[in-house]
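Participant: There's a structure below that I have some questions on.
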Amino acid sequence: MAQKIVAGNWKMNLDATSAQQLISEVIHMTNDEYQGDAQVIFSPSFPFLGMVNHQIKDHERFHLSAQNLHQEEKGAYTGEVAGAMLKSVGCSYVIIGHSERRQYFHEDNALLAKKIDVALTNGLKPIYCIGETLEERNAGKTLQVNERQLSEGAFHLSGDAFSQLVIAYEPVWCIGTGVSATPEDAQEVHASIRQLIEDKYGKEISLNTTILYGGSVKPHTAPELFAQKDIDGGLIGGASLKSRDFVDIIKAFA
Ligand code: PGA
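Set out below in structure tokens:
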């Protein structure tokens with residue numbers, strides 16, 4: 038069965054003091070209020086990774102993710118961050134292919150495939166994001182777009198390597214907009230993603246792949262989303278910046 042995960046993507050928000058406080062609140066509240074077996078992932082900006090790692094390292098449930106990495110191992114790439122660096126400060130995951138990276142930094146599937154490779158080489162599990170824009174959805178291209186992002190970005194991997202991935206389905210029109218896909222619409226896409234993985238890698242790998250939903254997940258929408266058969270948790274933006282909201286989303290698994 039796929040691991041249940043709630044991952045908080047802080048994007049370019051918070052400072053050291055507020056980050057530290059948020060982590061400490063989430064750890065305490067989760068430990069007090071949630072007994073299930075979901076993993077919780079924090080994805081802060083680069084400067085806070087070491088600090089957050091220090092705060093979570095004695096708590097088995099919590100894991101650290103970066104929001105991006107460079108596709109090369111090392112070298113003269115001023116301002117960039119390598120996979121080995123992320124691993125050395127305690128990251129076990131890295132978000133790859135978030136729609137904001139695709140849109141604002143022109144990252145395409147070929148580049149993202151390289152980032153996935155370098156992440157895996159360095160022992161990081163990619164959280165690979167896919168999802169259609171509103172225009173693509175309205176044009177009836179949802180499944181086609183997601184299939185292409187999945188196959189061009191990740192289907193070059195062996196089955197063993199693919200098993201390290203978490204997939205995050207994030208319809209672009211739902212991210213930060215307050216509009217969420219309905220649980221039924223999200224489930225339909227999740228089921229089709231799982232089918233694509235089964236067609237490529239077989240049933241066992243497809244059933245064990247965590248497929249997260251992302252896009253305006255809130256405490257009141259999470260329970261119904263997480264109850265869907267093929268939704269294994271969420272990638273949470275805005276609501277991960279408030280400890281009460283984030284912990285209530287974690288508790289939505291119960
Ligand atoms: P949101 O962001 O929850 O603020 O919509 C989700 C994401 O971008 O991962």
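Numbering of the sequence shown is given in the numbering used here, commencing with residue 38 and proceeding in unit increments.
Think of the CB as a built atom: it goes at the ideal place given N, C-alpha and C, for glycine as much as any other residue.
1) Are there 16 or more other CB atoms within 10 angstroms of the CB of Thr158, so buried, or fewer, so exposed?
2) Going by the DSSP bridge assignment, what does Lys162 pair with across the sheet?
3) Less than 8 Å between the CB of Thr258 and some heavy atom of the ligand PGA, yes or no?
4) List the endpoints of the continuous alpha helix (DSSP H) containing Ala228.
5) At which residues does the alpha helix (DSSP H) containing Phe79 begin and terminate?
6) Note the first and the last residue of the continuous beta strand (DSSP E) segment covering Phe64.
7) Only counting the same chain, and skipping five residues up and downstream in sequence, which positions put a Cβ closer than 6 Å to that of Val155?
8) Using beta-carbon positions only, say whether Gly190 and Leu149 come within less than 9 Å of one another.
9) In its own chain, which residues sit with a C-beta less than 6 Å from the C-beta of Ala176, not counting the 5 before and 5 after it?
10) The ligand PGA and Leu272: does any heavy atom of the ligand fall closer than 8 Å to the residue's C-beta?
11) In chain order, which continuous runs of the alpha helix (DSSP H) of length 4 or greater are located wholly inside the region 101-145?
12) Quick check on Asn46: does DSSP put it in helix, strand or coil?
Facilitator: From the atom records:
1) Taking the sequence shown and counting its residues from 1, one reaches residue 158 at position 121. Thr158 should be labelled exposed.
2) By 1-based counting over the sequence shown, the position of residue 162 is 125. Answer is Tyr130, bridged to Lys162.
3) Along the sequence shown, one-based indexing puts residue 258 at 221. No; taking the cut-off as 8 Å, the Cβ of Thr258 has no heavy atom of the ligand PGA nearer than that.
4) Within the sequence shown, numbered from 1, the residue matching residue 228 stands at position 191. Looking at the DSSP string, the run of the alpha helix (DSSP H) that includes Ala228 is Pro220 to Tyr238.
5) Looking up residue 79 in the sequence shown gives position 42. Premise fails: Phe79 lies in the beta strand (DSSP E), Gln76 to Ser80, not in any alpha helix (DSSP H).
6) On the sequence shown, position 27 is the one that residue 64 refers to. The displayed chain sequence assigns Ile, not Phe, to residue 64. Residue range Ala53 to Glu70 is occupied by the alpha helix (DSSP H) that includes Ile64, with no beta strand (DSSP E) assigned at that position.
7) Stepping through the sequence shown from its first residue, residue 155 is reached at position 118. Closer than 6 Å at Cβ, skipping near neighbours: Gln108 and Gly120.
8) In the sequence shown, counting from the first residue as 1, residue 190 sits at position 153. In the sequence shown, counting from the first residue as 1, residue 149 sits at position 112. Taking 9 Å as the Cβ cut-off, Gly190 and Leu149 qualify as a contacting pair.
9) Here residue 176 refers to the residue found at position 139 of the sequence shown. If we look at Ala176 and ignore the five residues flanking it on each side, it has no Cβ neighbours.
10) In the sequence shown, counting from the first residue as 1, residue 272 sits at position 235. For the ligand PGA, at least one heavy atom lies less than 8 Å from the Cβ of Leu272.
11) 120-125 and 136-141
12) Sequence index remark: in the sequence shown, residue 46 carries index 9 (1-based). Asn46 falls in the strand class under three-state DSSP.
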